[in-house]
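Taking it in order: structure first as structure tokens, then the write-up.
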Amino acid sequence: RKYDIKYSLDGGTLLGAVRHKGFIPWDDDIDVIMLREEYEKFYKVSKKELDKSRFFLQEYRTDIHYLFGYEKIRRKNTVFKRVGQEHLKQQGGIFIDIFVADNVPDDFILRRIHLFLCFLIRKGLYSEMGRKNADNTYMKTFYEFISFIPRNFWFLVRNIIADKCNKQKTELVRHMTHNYRKECRYGMPAECFEEFCELEFEGLEFKAFRNYDLYLKTLYGNYMELPPVEQRVSHLKVSEIKFPD
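First residue of the sequence shown? That's 600 in the working numbering, and the numbers climb one at a time after it.
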């Protein structure tokens, strides 16, 4: 707010704010999203404004072992280990996710090439985890092979694509390493990132897309309908968690 950095609650957090005015009861993480230009402002500001005694902005430039295509703010002096990620060398701890959105080409062919490149980047960054956690030997071998490609190569490719695509406005934007559902596999409506409002989340006010209805319908379909009881489960399997002393 101090620097007028435009962001929105995202994913299950945005859905929770709209449908539950807080956490979805079976959800257990927090997501926010912003355009690349806004995130770069945030990155610079965090160097002087973030309380480094308590928090750590984690991304490929701040953690040489970080393997995810999205950013996190970690709470220091905590432990949070996901099942299958215990072997990773990156800094751990309780977190919120920051998704950064980039423009998607409008051209029919370029849009499909962009989707394929996003797929490659996502698989490349996941390879260190996939070679241990994949469901079958074939996929483990596949991930083992591409895990030899340095993570900086994938971030370089992502940055080149993002820089080229962000030079002009487009109909769609997307976070490049998120696996969207089929109905919005190419991206989300860019118009949603133009106006923002305030939404209540657990008794506090946070920024959100003014047209959150369009965003959530695109992302989830009939988002106000609760899923079947058997699907109301956490998607994060945690092997160890420790809160601050």
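A virtual CB, placed ideally from N, CA and C, is assigned to each residue, including glycine.
Predicted model only: the values in this text are computed from it and were never measured.
| Item | Value |
| --- | --- |
| Whole-Å CB distance - Leu656 paired with Glu670, under 8 Å assumed | 7 Å |
| Own chain, CB closer than 7 Å to Gly668, minus 5 neighbours either side, in chain order | Ile720, Arg721, Leu724, Arg757, Met775, Thr776 |
| Span of the alpha helix (DSSP H) around Lys841 | No alpha helix (DSSP H) contains Lys841, which is instead part of the beta strand (DSSP E) from 837-841. |
| Beta-ladder partner(s) of Cys796, from DSSP | Ala807 |
| Of the listed residues Lys688, Lys647, Lys841, nearest to Ile665 (C-alpha basis) | Note on identity: in this sequence residue 665 is Tyr, with Ile being the wrong assignment. It is Lys688 whose Cα lies nearest to the Cα of Tyr665. |
| Contacts around Met823, its chain only, beta-carbon distance under 7 Å, and the 5 residues preceding and following it disregarded | Arg618 |
| According to DSSP, residues forming a beta bridge with Phe679 | Ile840 |
| Cβ-based burial, Pro704 [other Cβ within 10 Å; buried from 16] | buried |
| Proximal residues to Phe754 (C-beta, below 6 Å), its chain only, five neighbours per side dropped | Tyr659 |
| Opposing strand residues paired with Asp609 [DSSP bridges] | According to DSSP, which records beta bridges pairwise, Asp609 is partnered with nothing at all. |
| Inter-residue Cα distance where the pair is Gly802 and Ala616 | 10 Å |
| Proximity winner among Phe744, Leu716, Cys717, relative to Gly729 (alpha-carbon distances) | Phe744 |
| Of the listed residues Glu727, Asp626, Phe715, Leu798, nearest to Tyr606 (C-alpha basis) | Leu798 |
| Asp734, buried or exposed, once every other Cβ within 10 Å from all chains shown has been counted against 16 | exposed |
| Inter-residue CB distance, Val678 and Glu804 (contact presumed, cutoff 8 Å) | No, Val678 and Glu804 are not in contact; Cβ-Cβ is about 30 Å, not under 8 Å. |
| Reference Lys816; option with closest CA among Tyr779, Arg674, Gln830 | Tyr779 |
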